[in-house]
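Structure, as structure tokens:
Chains as they are written, first to last, in our numbering: chain D, 5 to 244; chain X, 5 to 244; chain V, 5 to 244; chain C, 5 to 244.
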């Protein structure tokens, strides 16, 4: 049996590592089209009087001024979340490697609040609460699988088998960690697709776990760029 | 116990679905810089007399003329391979979804030829043969994990739990399938990083399983664009 | 005076050089998510019974299945059009080079139908007809500038000055030529931004000359992928 | 005659507007592969003891850790420089618009140091000094063209013709201004292609004027990320 302490988590980690992203960045970037060199006068200014401009850019889908920004997040989440995340190509990624290190036994398990049952048809699924029995079955099934998988992982490592081979048994609910860097335009696109929100112009049906990550990223974004965030909301959560 | 027939495979599938990619495409694209409209005369011509031009473009890293090409592959391979593959952002992907369908129990297991033991240090690993015991331990460990995981997957599905929740127990050695479309420049970049080959200008240390996919893609590429492929080889397998 | 025959054109050239793009491509690419390997059965099928699927993908903004397509156009248009065109980054370009060849004296001049006068304010301009005087003034001004510029270009070339230096005098109304390769998703994004059309969900205000290019590309697209094109129209000309 | 003061410049402007880019960023991004969550301990540390790691990453072409950085430049340069610049697609741009503002009469003219004469053949040009006569002819030709063009531009504007039409007469030597945001990996790729430098692994033959821009960007880069810059130099100025 494995001597490693197995951890089951039902949450995800999102930390803002660094950023160079403010509403003001959108303003000078947009102004260069009409003011040329004089747009530099706007660098460092308070953006609060430019709410109208930023709303206009978001509403009319002038997206490029939102790109002169950069946010880097550290994220810990299950592999099945990262699989969806990395389909977003306008971003930079570095992730923990199962080839270069022994992976720790941290696994995702749904919380009691996680809706377990899916109804409706492809493309317009809805999720509803599971019964206590369904929850219990799921937790038991996931725990057993993870324990067996991690035990077999350790057996192979103990036998001298390469990490990259041994890790193939690990389930997609295993936690991994990565840094991702995105600009505000790419982030708005990510949020529009990976959150389900009333009032969105285009409805999205994200898996709950990537939405948990997205929601935490959204909080940071709202704090760093409140006017841009407001414009995103007002324009139906469509990425400009 | 699951009534599904569990399949263990030690190979991968790569099929060329369609392509619009020939050596000639590189020629007219390159010629437009010096010949303008007259470059159209080269469209459809035999590229065999333009070997020198194509070699020059590859050697001097004029990459853009290689982009006016398109190859679509159908690939079946384990999830851990797709995880690495999709880090290549200059490509288009559509993959089988564990949210939208019940996944079949097809799992990757190393062949006897797969080198199981890793020596050397980070960044310059070498792989050597495992012992028969190591192979046996690995096969047993992987099979057991996969069986338990799939059984638990089925238990949750049988209990009415959503596919996207149930699938979290499945290991990264599960097969998935996808279409990927790339141009020749992006493909050469992929090959340069995902194959280990004598004579490469920059050595790469890919995991064997993604290399198995890359090798099959390389064969198709070599057949579709033999002169370009030759130029890639001659220039040390660096993507232009 | 230059011995070269100066040409003034009021139209643009768009030719489809090659393509690998059909409505069917969207179908199998989309099907892989629910059918996995079986999606290959759809390759080569008639897409006419999949109108609903394609409409759904466009409406709900599932964009990736539209990417497994490729269209290459040869375009001749003024430099100021190419300047706008090349801001579209999801595309491959090769253009005639003023460094590598002597540029021909072909210049764009507005036709009599080109609306010359701009009213309204930034972000919502409208264009109305110019007077015959305004047209005459414009034609005269453009022709004179082009003639003087080309004459000075030739003077420098005749004196042995490098092409890349001499060409700096040439105006942005000079014709250039290029190949551009795009997939259907990128092309729909281009069309949504570079055409002004009743019924567009998001209004765009393109310069007329790039719209002339876009309209010709749109015709090819509509012919190659009629069902996708219909879906694009129905969904308010938003790129999925 | 135009009442605007015509300005001829023989230099370019590059200002660093903001940045989030340090050698340390490369370190924690790289470390996540082997250290997972513990890589966060490296955030904010002095990178001077990680010279070996950064050199290794650059030499072996592990490019992704260099992407978690962001530099925004304000650049004023002639249109023919921007035409080349914007072919670099892994970057964000906003530029002054000839549709939205009246463009100022600032034009590029070569300095006396600019080598005017090109020898050798396509793909391996060399440039040598021009004679005083060649310089005089060039300056005269460029000035005359610019004056005539700007005069005609003003004539059309005075007659009420739209800016976007009137500007077509302006030459590519006209100055424009833009913001560009790039990460360090994209910037190294730009520098490798747009500077001619002894000791480069792959020789490049940039036009001198874009090289003037690149050189100024390179100075900022060397100051912000001195260890990364050193690694770039040591590895033959190839972008990792």
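Note that the Cβ used here is the ideal one computed from N, Cα and C, for glycine as well.
When the distance is taken between beta carbons, is residue j closer than 8 Å to residue i?
{"i": "residue 232(V)", "j": "residue 70(V)", "result": "yes"}
{"i": "residue 4(X)", "j": "residue 176(X)", "result": "Residue coverage of chain X in this structure runs from 5 to 244, which leaves residue 4(X) outside it and unanswerable."}
{"i": "residue 141(X)", "j": "residue 159(D)", "result": "yes"}
{"i": "residue 18(V)", "j": "residue 221(V)", "result": "yes"}
{"i": "residue 174(V)", "j": "residue 107(V)", "result": "yes"}
{"i": "residue 239(X)", "j": "residue 46(X)", "result": "no"}
{"i": "residue 168(X)", "j": "residue 212(X)", "result": "no"}
{"i": "residue 36(X)", "j": "residue 98(V)", "result": "yes"}
{"i": "residue 207(C)", "j": "residue 197(C)", "result": "no"}
{"i": "residue 100(D)", "j": "residue 180(D)", "result": "yes"}
{"i": "residue 76(C)", "j": "residue 187(C)", "result": "no"}
{"i": "residue 156(V)", "j": "residue 149(C)", "result": "yes"}
Spatial neighbours of residue i within its chain, please: CB distance less than 8 Å, with the 5 preceding and 5 following residues excluded, ordered by chain position.
{"i": "residue 139(C)", "result": "114, 116, 120"}
{"i": "residue 50(V)", "result": "28"}
{"i": "residue 129(X)", "result": "122, 123, 209"}
{"i": "residue 161(C)", "result": "106, 167, 170"}
If I measure Cβ to Cβ from residue i and keep anything under 6 Å in the same chain, skipping five residues before and after, which residues do I get?
{"i": "residue 96(V)", "result": "185"}
{"i": "residue 55(V)", "result": "231"}
{"i": "residue 92(C)", "result": "194"}
{"i": "residue 134(X)", "result": "120, 121"}
{"i": "residue 16(C)", "result": "81, 216, 217"}
{"i": "residue 131(D)", "result": "119, 122"}
{"i": "residue 8(X)", "result": "109"}
{"i": "residue 224(X)", "result": "20"}
Taking DSSP as the reference, what is the three-state secondary structure of residue i?
{"i": "residue 116(X)", "result": "coil"}
{"i": "residue 180(V)", "result": "strand"}
{"i": "residue 167(X)", "result": "helix"}
{"i": "residue 28(D)", "result": "helix"}
{"i": "residue 175(C)", "result": "strand"}
{"i": "residue 5(V)", "result": "Reliability of the predicted coordinates at residue 5(V) is poor, the pLDDT of 44 falling under 50, and no value is obtained from them."}
{"i": "residue 81(V)", "result": "strand"}
{"i": "residue 73(X)", "result": "coil"}
{"i": "residue 22(D)", "result": "strand"}
{"i": "residue 16(X)", "result": "coil"}
{"i": "residue 49(D)", "result": "coil"}
{"i": "residue 89(V)", "result": "helix"}
{"i": "residue 242(C)", "result": "coil"}
{"i": "residue 224(D)", "result": "helix"}
{"i": "residue 229(X)", "result": "coil"}
{"i": "residue 126(X)", "result": "coil"}
{"i": "residue 194(X)", "result": "helix"}
{"i": "residue 212(V)", "result": "helix"}
{"i": "residue 200(D)", "result": "coil"}
{"i": "residue 40(X)", "result": "helix"}
Might you give, ordered along the chain, the residues of its own chain that have their beta carbon closer than 7 Å to the beta carbon of residue i, omitting 5 neighbours on each side?
{"i": "residue 201(C)", "result": "241"}
{"i": "residue 38(V)", "result": "none"}
{"i": "residue 182(D)", "result": "79, 86, 97, 98, 99, 100"}
{"i": "residue 24(D)", "result": "73, 74"}
{"i": "residue 57(D)", "result": "31, 34"}
Give me the DSSP bridge partner(s) of residue i.
{"i": "residue 98(D)", "result": "183(D)"}
{"i": "residue 121(C)", "result": "132(C)"}
{"i": "residue 11(V)", "result": "110(V)"}
Using a Cβ-Cβ cut-off of less than 7 Å, list which residues of the region 192 to 212 of chain V approach chain D; keep chain order. Under the 7 Å Cβ criterion, the region 192 to 212 of chain V contributes 206.
Closer than 7 Å between beta carbons: that is the criterion. Which residues of the region 113 to 142 of chain C meet it against chain D? none
What are the residues in the region 19 to 34 of chain D lying within 8 Å of chain C by C-beta distance? 19, 21, 22, 23, 24, 29, 32, 33, 34
Contact list for the region 53 to 70 of chain X against chain C, Cβ threshold 7 Å: 60, 64, 65
Can you list, in chain order, the residues of the region 85 to 103 of chain D whose Cβ is nearer than 7 Å to any Cβ on chain C? 96, 97, 98, 99, 100, 101
Can you give me, in chain order, the residues of the region 163 to 181 of chain X that have a beta carbon less than 7 Å from any beta carbon in chain V? 181
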